[in-house]
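Student:
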């Protein structure tokens, strides 16, 4: 088991699929020594504010020949692909920072012949590697080579025309073939489904299909305005308000109707604020909202650290972020801005605040050019309708501690 | 030196679990979380915690009393 001391006790990874926060007493019995995290209030508060990431998203290439219209990385056929040794060094630094999971992405990670070897190196460093792929280029042999990954998720926004409606390319059959290859080779896999206005009505059919194909999970992702998706088409592609309002009930039906796990990404959490969500359950079962620059970091192809894969880069290089007591990670102004807990209404009084943390800053930045409460959150929408022009102006940051 | 290190399994009680994140999930752009406990009965959540505690080892040792510490055992991950 891999463990990392924290003010509350310790994070412990008990297997590929389970990360557990335990109390100080339990951590102590495991031989974890929290030192000043357990004895010094200032150190504990600083750690809580800017803990090292639990998960790092590592871009292993910016190369992709598919040309999806909403690619957040703006990947191209001649995109950069760092050398194996460069990525190996980055994996070592990610592991030294105390990270548990590294998610490989791109570009199209399968465009790297050494993808499986990189996963093996991640394992050797104590990390749990996972990867996202379009599935294009997957064969039985390639699938076998991915055995070191804890899970491979294939992007699959729907069958046939639904996939093309989201990505602008006819990739559904390739994605399904990839899932078939993974299934045949016994590689655990899931499907990443981006929710959009044109395809939301067929979400349940998409999840049914994903389950038929043998996926262990369907991960639902909010469409975000980044990269090639950062254009006026975002407004036509994002979920409509009535679809957002129907989201809680839709997820309820999906969870009850399917045996596979239903997972949502961080940006989806604020969209559930209109439903009867129990904040204690969110906290107890580690349902995360915006953890950009905190529990989540992105390490770009150029080596710079970003709060998340959709966010702008910080001034930090991955080679320095976690040196010297992680001073760079804790003090970089970009990371500081993105990780701040919201201090203004309607977030300040929201029962989901501790988990949601103000919603998706990528969306807020795109629509408002500021760190404001997520404008697509139902609670924010209602508050602004009730008091137009009076809410959400200015920074999300706390006025003072 | 790494922030994290390998430790040996050790029995724990369900009430020593502050948070459980199930996964691993796989997404290179945003961080995902399993949602089922929001929609299923409380028994499901309880069963998950018991199962996770069991995965740490069997028959937890009797616990000694622990003094209060800053950010102590009652505080969550934040």
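Chains as they are written, first to last, in the working numbering: chain A, 48 to 448; chain B, 112 to 189. Note that the Cβ used here is the ideal one computed from N, Cα and C, for glycine as well. Note that the structure is predicted; figures quoted are calculated from it, not measured.
So with CB distances below 8 Å, who are the chain A contacts of residue 135/B?
Tutor: The residue you call residue 135/B lines up with position 24 of the second chain. Result: 63, 64, 148, 175, 177, 197 and 198.
Student: Give a yes or no on whether 8 Å exceeds the smallest Cβ distance from residue 191/A to chain B.
Tutor: Working through the first chain from its first residue, we reach residue 191/A at position 144. No, its Cβ sits nowhere closer than 8 Å to a Cβ of chain B.
Student: Cα-Cα, which of 399/A, 342/A and 118/A is closest to residue 376/A?
Tutor: As a working note, residue 376/A is residue 329 in the first chain. Comparing Cα positions, the closest option is 342/A.
Student: Quick one, which of 92/A, 360/A and 245/A has its alpha-carbon nearest residue 384/A's?
Tutor: Here residue 384/A refers to the residue found at position 337 of the first chain. Residue 360/A is the option with its Cα nearest to residue 384/A.
Student: Are there any heavy atoms of the ligand FAD lying less than 7 Å away from the beta-carbon of residue 114/A, as far as the coordinates show?
Tutor: Looking for the ligand FAD in the displayed structure turns up nothing, as the structure carries no ligands at all.
Student: Hey, would you say residue 110/A sits closer than 8 Å to residue 122/A, going by beta carbons?
Tutor: On the first chain, position 63 is the one that residue 110/A refers to. On the first chain, position 75 is the one that residue 122/A refers to. Cβ distance < 8 Å, so residue 110/A and residue 122/A count as in contact.
Student: Taking C-beta pairs closer than 8 Å, name the residues in chain B that residue 328/A reaches, listed in chain order.
Tutor: For this step, residue 328/A is matched to residue 281 along the first chain. Going along chain B in sequence order, the residues near residue 328/A (Cβ under 8 Å) are 148, 149 and 156.
Student: Taking the alpha helix (DSSP H) that residue 288/A falls in, what are its first and last residues?
Tutor: The residue you call residue 288/A lines up with position 241 of the first chain. Note, residue 288/A: alpha helix (DSSP H), 288-292.
Student: Can you list, in chain order, the residues of its chain with a C-beta nearer than 6 Å to that of residue 354/A? Leave out the 5 residues immediately preceding and following it.
Tutor: By 1-based counting over the first chain, the position of residue 354/A is 307. Within the same chain, residue 354/A has close Cβ partners 339, 340, 382 and 385.
Student: Starting from the Cα of residue 149/A, find the closest Cα among 346/A, 425/A, 429/A and 419/A and give me that residue.
Tutor: Translated into the one-based positions of the first chain, residue 149/A becomes position 102. Out of 346/A, 425/A, 429/A and 419/A, 346/A has the C-alpha closest to the C-alpha of residue 149/A.
Student: Tell whether a beta-carbon distance below 8 Å holds between residue 185/A and residue 157/A.
Tutor: Within the first chain, the letter at position 138 stands for residue 185/A. Within the first chain, the letter at position 110 stands for residue 157/A. Their beta carbons are under 8 Å apart, which means residue 185/A touches residue 157/A by this criterion.
Student: How big is the Cα-Cα spacing for residue 236/A and residue 227/A?
Tutor: Counted from its first residue, the first chain places residue 236/A at position 189. Counted from its first residue, the first chain places residue 227/A at position 180. Taking the straight line joining both Cα atoms gives about 10 Å.
Student: Cα-Cα, which of 188/B, 146/B, 143/B and 157/B is closest to residue 99/A?
Tutor: Looking up residue 99/A in the first chain gives position 52. Nearest C-alpha to residue 99/A: 188/B.
Student: Is there a Cβ of chain B sitting closer than 8 Å to that of residue 53/A, yes or no?
Tutor: For this step, residue 53/A is matched to residue 6 along the first chain. Output row for residue 53/A: interface = yes.
Student: Any beta carbon from chain A within less than 8 Å of residue 141/B's own beta carbon?
Tutor: The residue labelled residue 141/B in the question sits at position 30 within the second chain. It does; some Cβ of chain A falls within 8 Å.
Student: Taking DSSP as the reference, what is the three-state secondary structure of residue 124/B?
Tutor: Sequence index remark: in the second chain, residue 124/B carries index 13 (1-based). Residue state, collapsed to three classes: coil.
Student: Applying the criterion that 16 or more other CB atoms from any shown protein chain within 10 Å of the CB defines a buried residue, is residue 316/A buried or exposed?
Tutor: On the first chain, position 269 is the one that residue 316/A refers to. Classification of residue 316/A: buried, given that the 10 Å Cβ count is 16 or more.
Student: Using the beta-carbon of each residue, which ones in chain A are nearer than 9 Å to residue 131/B?
Tutor: Counting from 1 along the second chain, the entry for residue 131/B is found at position 20. Within 9 Å Cβ-Cβ: 65, 66, 67, 68, 331, 332 and 333.
Student: Which of the three DSSP states is assigned to residue 192/A in this structure?
Tutor: Within the first chain, residue 192/A is the residue found at index 145, counting from 1. DSSP places residue 192/A in helix when its eight states are reduced to three.
Student: Taking residue 254/A and residue 329/A to be in contact with their CB atoms under 8 Å, please state how far apart those CB atoms are, rounded to whole angstroms.
Tutor: Here residue 254/A is taken as the residue at index 207 of the first chain, counted from 1. Here residue 329/A is taken as the residue at index 282 of the first chain, counted from 1. Actually they do not touch by this definition, with Cβ atoms about 22 Å apart.
Student: Please name the residue in 194/A, 56/A and 172/A whose C-alpha comes closest to that of residue 76/A.
Tutor: Numbered from its first residue, the first chain carries residue 76/A at position 29. Among 194/A, 56/A and 172/A, the Cα nearest to that of residue 76/A belongs to 56/A.
Student: Which of the three DSSP states is assigned to residue 170/B in this structure?
Tutor: Here residue 170/B refers to the residue found at position 59 when the second chain is read from its first residue. Summary for residue 170/B: the model assigns pLDDT 44, below 50, so the residue's position carries little reliability; its value from the coordinates is reported in the next sentence. Of the three classes helix, strand and coil, the one that applies to residue 170/B here is coil, per DSSP.
Student: At a CB-CB cut-off below 9 Å, which residues of chain A make contact with residue 163/B?
Tutor: Position 52 of the second chain, counted from the start, is the residue given in the question as residue 163/B. Correct list: 61, 65 and 67.
Student: Examine the Cβ distances between the region 52-69 of chain A and the region 304-323 of chain A and report whether three or more of them are shorter than 8 Å.
Tutor: no
Student: Can you tell me whether residue 304/A is buried or exposed? The criterion is at least 16 other CB atoms within 10 Å of its CB, across all chains shown.
Tutor: Residue numbering aside, residue 304/A sits at position 257 when the first chain is read from its first letter. Looking at its Cβ environment, which holds fewer than 16 other Cβ atoms inside 10 Å, residue 304/A is exposed.
Student: From the DSSP output, in three-state form, read off residue 156/B for me.
Tutor: Here residue 156/B is taken as the residue at index 45 of the second chain, counted from 1. Here residue 156/B sits in helix by DSSP.
Student: With a 10 Å radius around its C-beta and 16 neighbouring C-beta atoms as the bar for buried, classify residue 132/A as buried or exposed.
Tutor: Here residue 132/A corresponds to residue number 85 of the first chain, with the count starting at 1. Exposed: under 16 other Cβ atoms inside 10 Å.
Student: What whole-angstrom Cβ distance do residue 288/A and residue 428/A have, given they're in contact under 8 Å?
Tutor: For this step, residue 288/A is matched to residue 241 along the first chain. For this step, residue 428/A is matched to residue 381 along the first chain. Right, their Cβ atoms sit about 7 Å apart.
Student: Who are the neighbours of residue 309/A on chain B, taking C-beta pairs under 8 Å?
Tutor: Within the first chain, the letter at position 262 stands for residue 309/A. The contacting residues are 145, 146 and 147.
Student: Taking the beta carbon of residue 447/A as the centre, do at least 16 other beta carbons fall within 10 Å, making it buried, or is it exposed?
Tutor: On the first chain, residue 447/A is found 400 positions in, with the first residue counted as 1. Note that residue 447/A has pLDDT 35, beneath the 50 cutoff, so the model's placement of it is unreliable and the number below is only indicative. Under this definition residue 447/A is an exposed residue.
Student: Name, please, each residue of chain A whose Cβ falls closer than 7 Å to the Cβ of residue 113/B.
Tutor: Sequence index remark: in the second chain, residue 113/B carries index 2 (1-based). Neighbours of residue 113/B on chain A, chain order: 142, 143 and 145.
Student: To the nearest angstrom, report how far apart residue 443/A and residue 391/A are at their CA atoms.
Tutor: Counted from its first residue, the first chain places residue 443/A at position 396. Counted from its first residue, the first chain places residue 391/A at position 344. Unreliable placement is indicated for residue 443/A, whose pLDDT of 46 sits below 50; no coordinate value is reported for it.
Student: Which bits of chain B does residue 361/A rub up against, with CB to CB less than 7 Å?
Tutor: Indexing the first chain from 1 puts residue 361/A at position 314. Here the premise fails: no neighbours, minimum Cβ distance about 17 Å.
Student: Mapping the DSSP letters down to three states, classify residue 320/A as helix, strand or coil.
Tutor: Looking up residue 320/A in the first chain gives position 273. Reduced to three states, the DSSP call for residue 320/A is coil.
Student: In angstroms, rounded to a whole number, what distance separates the CA positions of residue 413/A and residue 121/B?
Tutor: To locate residue 413/A, count along the first chain from 1; it is residue 366. To locate residue 121/B, count along the second chain from 1; it is residue 10. Each residue's alpha carbon lies about 47 Å from the other.
Student: Check whether the region 82-96 of chain A touches the region 330-337 of chain A, taking contact to mean three or more Cβ pairs, one atom from each stretch, closer than 8 Å.
Tutor: no
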